[in-house]
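Below you'll find the structure, written out as structure tokens, and then a few comments.
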Amino acid sequence: RRNLLCRSRKGRDVEWLALGAPPETAAHRMVCTARHHCFEMIADFVMEGIIDGILADDEPGAWLRRQAAFCCIPFVDKDGVEDGDQGKNRRPRDHNRDYVGESLYPETAAILDFLPRWGGTRGIAAALDIHCPWIRGRNNDVIYQVGREAPENWREQTRFGQFVEGALRPGALPYRTADNLPFGQEWNTAANFSAGMSFSRWSAGLPGMRLPTSFEIPYAEASGVAVTADGARRFGSAVARALAAYLQA
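Shown next, in the form of structure tokens:
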């Protein structure tokens, strides 16, 4: 079901999609976001695949629809997406640094208000934020999860990564848990978040949160495989199957 999260600065509808069981009765509640940086369009092909996996006519899909509630927000920076903007590092801060203090953007303000209420008293189990990395080069030509600071979060990211590896099928973009980027290495340091707080850092503090994570999906090549819309969707479907296995483990 399509719902209205808010309206953007320019008056556009910012949608969120409800899938699976009602959040009030579901055993698990999960959130998936994309396009905090509006030009990272490959992220939405992955989200399409996650949605395909939730709706799939197979046991993982059926289990997710029975046991889990999903809130999917495909266009966090809706104006940037429709205007063809770049968005990342926008001054004074972009959407993915706007989860602290008074929000600059209607979308992030709405997320900050809505998700804790949507999670209810039992909270949200997983939050997946999908991005694209730098253009090319080291760590930018593989799919990886961005490691969280807290050891317990990193442990769950590693566990989940192993489920994703096991859920991959032919045609999906490749992923290896070993490619995940630990906190404190390369760009993934506290200094990179000096402009504000990201969605993943904020969601890690929500009640009930087990798996706050973000995936980086390359633009052109993933572990030697050409990135295509179909390959990204198939990877997203693997993520959905992995969520079903992870939550039942």
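Per our numbering, the sequence shown starts with residue 3, numbered consecutively. Virtual Cβ for every residue (Gly too), placed ideally from N, Cα, C. Treat the numbers as computed from the prediction; the structure is a model and nothing was measured.
Backbone secondary structure at residue i - three-state DSSP
{"i": "M199", "result": "strand"}
{"i": "G22", "result": "strand"}
{"i": "Q187", "result": "strand"}
{"i": "I126", "result": "coil"}
{"i": "D46", "result": "helix"}
{"i": "D213", "result": "Checking the displayed sequence, the identity of residue 213 turns out to be Leu instead of Asp. Of the three classes helix, strand and coil, the one that applies to L213 here is strand, per DSSP."}
{"i": "F162", "result": "helix"}
{"i": "D54", "result": "helix"}
{"i": "R99", "result": "helix"}
Environment of residue i [buried if 16+ CB atoms lie within 10 Å]
{"i": "K90", "result": "buried"}
{"i": "L6", "result": "exposed"}
{"i": "W204", "result": "buried"}
{"i": "S239", "result": "buried"}
{"i": "R140", "result": "exposed"}
{"i": "R95", "result": "buried"}
{"i": "R3", "result": "exposed"}
{"i": "D79", "result": "buried"}
{"i": "A222", "result": "exposed"}
{"i": "E26", "result": "exposed"}
Cβ shell of residue i (< 8 Å), same chain only, five flanking positions each side left out
{"i": "G103", "result": "G198"}
{"i": "M32", "result": "A70, A71, F72, C73, I126, A127, A128, A129, L130, L245"}
{"i": "A28", "result": "G22, Q69, A70, A71"}
Length of the line joining the Cα atoms of residue i and residue j
{"i": "D60", "j": "L170", "result": "15 Å"}
{"i": "L66", "j": "I126", "result": "15 Å"}
{"i": "A251", "j": "W189", "result": "32 Å"}
{"i": "T35", "j": "A20", "result": "12 Å"}
{"i": "R68", "j": "S105", "result": "35 Å"}
{"i": "A192", "j": "R178", "result": "25 Å"}
Residues bridged to residue i (per DSSP)
{"i": "E218", "result": "H133, Y146"}
{"i": "D15", "result": "R9"}
{"i": "R31", "result": "A71"}
{"i": "A234", "result": "None, per the DSSP bridge assignment."}
{"i": "R140", "result": "Partner(s): none; R140 has no beta bridge."}
7 Å Cβ shell around residue i - same chain, five flanking residues per side excluded
{"i": "R9", "result": "D15, V16, P108"}
{"i": "P214", "result": "A129, R150, N155, S202, S205, A206"}
Residue i Cβ short of 8 Å to the ligand MN heavy atom set
{"i": "V33", "result": "In terms of ligand content, the structure shown is empty, and the ligand MN therefore cannot be addressed."}
Residues of its chain near residue i, where Cβ-Cβ distance is below 6 Å and the 5 sequence neighbours each way are ignored
{"i": "Y248", "result": "F162, F165"}
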